[in-house]
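Chemist: This structure is in structure tokens; I'll ask about it shortly.
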Amino acid sequence: MARTIIPYALVLAAAAALLDWLEYRYLTHAYSTEIYVLLIALGSVALGLWAGRKLTPVHAASPFARNDAAIRSLGLTARECEILELLASGRSNKEMARTLGISPNTIKTHVTRVYEKLEVQNRVLAIAKARSLALIP
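Using full-length UniProt numbering, you'd call the opening residue of the sequence shown number 1 and step up by one each time.
See below:
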């Protein structure tokens, strides 16, 4: 049984390979311009990526340095700086209260004072201003 199947399998495999080769020849002949354009585009992209990586300087990220002078000039307390960091992490008032072990009303008071000292009206503006002043990373 295997002696009859193997020759047929080999003939079918050779026929499939021949048909694939003929299809490849037809496609390369019929779409030669598109294939060349594609190869040139891929080569250009690869060259651009390589040149960009080689020519662009790599800056090492410097560690965050808090602007203590701005903190003193704004009159922010250590607790208010903690509140700013927690605001930047996206936590709600209840989550901040649980983290710091104080009541949510105390958090609201601290957040209000931070808004007053930074002269902003909401969390997004407070975080943006604190980052621009290097108060938080």
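Backbone N, C-alpha and C fix where the C-beta goes; we use that ideal spot for every residue, glycine too.
Flag this pair as touching only if the stretch 72–84 and the stretch 106–122 have three or more C-beta atom pairs under 8 angstroms; answer yes or no.
Modeler: The stretch 72–84 vs the stretch 106–122: in contact.
Chemist: Under the three-state reduction of DSSP, which class applies to residue 7: helix, strand or coil?
Modeler: Numbered from its first residue, the sequence shown carries residue 7 at position 7. Correct three-state label for residue 7: helix.
Chemist: Would you report the Cα separation of residue 19 and residue 54, rounded to the nearest angstrom?
Modeler: Taking the first residue of the sequence shown as position 1, residue 19 is located at position 19. Taking the first residue of the sequence shown as position 1, residue 54 is located at position 54. Those two C-alpha atoms are separated by around 44 angstroms.
Chemist: Beta-carbon within less than 8 angstroms of residue 23's beta-carbon, same chain only, minus the 5 sequence neighbours each way: which residues are those?
Modeler: What you label residue 23 is simply residue 23 of the sequence shown in a count that begins at 1. The answer is none, since no qualifying residue turns up.
Chemist: Run through the UniProt domain "HTH luxR-type" (69–134) for me and flag every whole alpha helix (DSSP H) of 4 or more residues, listed as ranges in chain order.
Modeler: Counting only runs of 4 or more, we get 78–88, 93–100, 104–118, 123–132.
Chemist: If we count Cβ pairs, one from each stretch, closer than 8 angstroms, do we get three or more for the stretch 86–100 versus the stretch 23–38?
Modeler: These segments do not touch.
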